[in-house]
Amino acid sequence: MDAGTTRSRNRRGQGELLRREIIDAALRMLNELGDDEALSLRAVAREVGIAATSVYIHFTDRDELVFAALEQATADLLRDLEQAEASGGDDPVRRLRARLLFLGSWTREYAGLYKVLHESTLNRRMHLVFKEELSIRATAAVQACMDAGLAPMDDAAAVALDLRSAVHGAVSIRINEPEADLPPLEEQVDRFLRRLVGVSIEHVF
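Here it is in structure tokens:
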């Protein structure tokens, strides 16, 4: 929708639809900006084609809108991660590997959102409680490898944290240092699986 276009008013009872349109616009803009503090509610209103006052009906300030947008992005990511894991079939190592590689592809497509989700000052101003589900599922994926005897028994939460830290570092370098001479992410993920999770080499391909 062009910035100068005025959208038609939603029918009575369609307030939730407008709220989602605002969130979707914020997500597009955050991905382009890569900085939550560069987002303005007025700019979001122009993107949607509504008056700025209509945004304030749903969100009291920018932080509340960004929180809602990131919450939606995380919910969508969790859904897509579940689908990616399914491609690994019944093998928990392949499922975990598929999960990590999907995260890599997601960050390439949504680099700006990734920066806001994990590197923005919003993380210090607000508790992004919805991010905890990412940790919970990562721990469960590692635990599944251990339970299947495909990785040494250990503290799954600690191992998952080390693994997430390594993967976040790998993707962050690719976002923030695009000219860096790096190996394919797949190679790094396989090394992380061997060295941090302890999976046997025949399960890394």
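According to our numbering, the sequence shown holds residues 446 to 650 in order. Note that CB positions come from ideal geometry on N, CA and C, so glycine has one too. Quantities reported herein were computed from a predicted structural model and do not represent experimental measurements.
Assignment of alpha helix (DSSP H) within the region 553 to 609, counting only whole runs of 4 or more residues, yields 556 to 564, 567 to 570 and 577 to 592 in chain order.
For the pair L510 and L484, the CB atoms are nearer than the 9 Å cut-off. Nearest to A529 by alpha-carbon distance, out of R542, A518, P597 and D599, is R542. Here DSSP, grouped into helix, strand and coil, assigns G643 to coil. Taking C-beta separations shorter than 6 Å and ignoring five residues to either side along the sequence, the partners of R540 in its chain run E530 and G533, following chain order. Put simply, the region 545 to 561 touches the region 633 to 642. At least three CB pairs are less than 8 Å apart. Shown here, D506 sits in coil according to DSSP, grouped into three states, outside any helix or strand.
Less than 9 Å separates the beta-carbon of L558 from that of L475. In its chain, beyond the 5 residues on either side, P537, V538, L541, A596, V642 and V644 have a beta carbon closer than 8 Å to the beta carbon of C590. If you check the CB distance, L545 and V604 do not come in under 9 Å.
Contact annotation: A583 and R619 have beta-carbon atoms that are not nearer than 9 Å. If the five residues before and after A625 are omitted, its C-beta is found closer than 8 Å to the C-beta atoms of I618 and R619, all from its own chain and listed in chain order. Taking each of Y501, V561, V489 and R465 in turn and checking the Cα distance to G479, the smallest one comes out for V561. Annotation for A497: L486, R487 and A490 place their beta carbon closer than 7 Å to its own, counting only its chain and skipping 5 residues before and after. Closest in C-alpha terms to H503, from the list V574, R464 and R524, comes R464. Here A471 is not near A520, since their CB atoms are 9 Å or more apart. The distance from the Cβ of D481 to that of S565 is about 5 Å, consistent with a contact at the 8 Å cut-off. Taking a C-beta distance under 9 Å as the contact criterion, E492 and R507 do not qualify as a contact pair.
Take the alpha-carbon of R639 and the one of I467: they are about 43 Å apart. Under the 10 Å beta carbon count, A601 is surrounded by 16 or more other beta carbons and is classified as buried.
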